[in-house]
Amino acid sequence: MAAMIDWGCGTWGDFVYDIAWIAYCWAYHPEWAGVDMVALAKQHYTAIGLDVPAVDSRLRAYLIHIGLGDVRYSAYIGKWDQVAFANRQLDSLVSQGRLDPSLRWVRVGA
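Numbered according to full-length UniProt numbering, the sequence shown spans residues 1 to 110.
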């Protein structure tokens, strides 16, 4: 396989949205806690000379959008622990402008 296309994110037409998805999902993988994907992406953009206008505000808006979708879907399927976790992520995004790096998803039950 040379590439994989995620049409759900591709429809938005902004590669920053893909970075937002990765950043949002990072909390679900504690083994990746030491890797800052957003910083790596920004370093890459700088290294290749790519100007990404308003990257931080776009990223924040996309993270909020993804978080709201997480709350909606998790409530729909009755995963209330996930709703609570997503709400904590959203609170951090709104109040601090970023995801709280100390938040890690801990699955309750099987």
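Just so it is clear, CB atoms sit at the ideal spot from N, CA and C, and this is done for glycine as well.
Opening and closing residue of the alpha helix (DSSP H) in which R88 lies = What you label residue 88 is simply residue 88 of the sequence shown in a count that begins at 1. W80 to Q96 is the span of the alpha helix (DSSP H), which, as asked, contains R88.
What did DSSP end up calling L99 once you bin it into helix, strand or coil?
-> Walking along the sequence shown from the start, residue 99 turns up at place 99. Coil, per DSSP.
Can you tell me whether DSSP reads A54 as helix, strand or coil?
-> Start at 1 with the first residue of the sequence shown, and residue 54 comes out as number 54. Three-state DSSP puts A54 in coil, outside helix and strand.
May I ask which residues mark the beginning and end of the alpha helix (DSSP H) holding V16?
-> Translated into the one-based positions of the sequence shown, residue 16 becomes position 16. Counting along the chain, the alpha helix (DSSP H) containing V16 begins and ends at F15 to C25.
Contact the stretch 33–47 vs the stretch 74–87: 3+ CB pairs below 8 Å | no
Give a yes or no on whether the C-beta atoms belonging to R88 and L68 are separated by under 8 Å.
-> Your numbering for residue 88 matches position 88 in the sequence shown. Your numbering for residue 68 matches position 68 in the sequence shown. The answer is no: Cβ separation not under 8 Å.
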